[in-house]
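Written out below as structure tokens is the structure these notes cover.
Numbering (full-length UniProt numbering), first residue to last: 1 to 208.
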């Protein structure tokens, strides 16, 4: 079993990591401002699902395998993820918000929001190596490995969900009642930042 002091240290690290600005945080803020909290939460589930996928992959030892023998594949996925972030940035920049009120999220909208957030979460496959390097620091070799990695993954997922929901909620409250100029400004700003993240990700995949 993971020791309590190790769990607390991991929790603090997870809080800091999930609160740090990045594509997932930016998307949660954008969704909260443009779509409302309910739709933003659907997207947050998508992002957290991607995180759990990578954490599970890492716990199965795939991080070591990829780090040693699949560097080219890792770079290709990372480059494709960068392209997708640039695409999201472009779509955000050219989008124009109308005066229509926010609608209730029907199934097709929910799937679209979930998928977009999941793809953003999957855009950087080096998360596998991050979890592969992180987990061993907090795992007790005398305990059950599966139980411990499940606990650590659950803590990280909970912190990620809470942080992203907080960002989405705050953005929805800050921008409620604002006119379309505010939303168009936010869309353009988030689009530029998305493109910067994407270019950095592609550059990193080529350079490393």
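Don't be surprised by glycine CBs; every beta carbon is placed ideally from N, CA and C.
Determine, using beta-carbon pairs with one atom in the region 147-159 and one in the region 114-125, whether at least three such pairs fall under 8 Å.
no
Would you kindly work out how many angstroms separate the C-alpha atoms of residue 111 and residue 142, rounded to a whole number?
Cα to Cα, residue 111 sits roughly 42 Å from residue 142.
Rounded separation between residue 18 and residue 155 - CA only:
11 Å
Extent of the continuous alpha helix (DSSP H) run through residue 158
145-174
Specify the secondary structure class of residue 139 as computed by DSSP and reduced to three states.
coil
Once DSSP output is grouped into helix, strand and coil, what is the label at residue 95?
coil
Going by Cα to Cα distance, which pick from 169, 200, 206 and 117 is closest to residue 33?
Just measuring C-alpha positions, the residue of 169, 200, 206 and 117 sitting nearest residue 33 is 169.
Assuming residue 202 and residue 43 are in contact, meaning their beta carbons sit under 8 Å apart, how far apart are those beta carbons, in whole angstroms?
That pair is no contact at about 23 Å.
With a cut-off of 8 Å on the beta carbons, I'd call residue 115 and residue 52 a contact; round off their distance for me.
At roughly 16 Å, the Cβ-Cβ gap does not stay under 8 Å, so residue 115 and residue 52 are not in contact.
Determine the DSSP secondary structure at residue 101, reduced to helix, strand or coil.
Any reading at residue 101 must be qualified, since the residue scores a pLDDT of 43, below 50, and its modelled position is unreliable; the value itself is stated next. Of the three classes helix, strand and coil, the one that applies to residue 101 here is coil, per DSSP.
Under the three-state reduction of DSSP, which class applies to residue 60: helix, strand or coil?
coil
Go ahead and label residue 50 buried or exposed: buried means 16 or more other beta carbons lie within 10 angstroms of its beta carbon, across all protein chains shown.
Buried, because 16 or more other Cβ atoms sit within 10 Å of the Cβ of residue 50.
Residue 36 (DSSP reduced to helix, strand or coil):
coil
DSSP-derived helix/strand/coil call for residue 204
Residue state, collapsed to three classes: helix.
From residue 167 to residue 196, what distance separates their C-alpha atoms?
20 Å
Boundaries (first-last residue) of the alpha helix (DSSP H) holding residue 5
4-19
For residue 23, three-class secondary structure by DSSP:
helix
Between which two residues does the alpha helix (DSSP H) carrying residue 132 extend?
127-134
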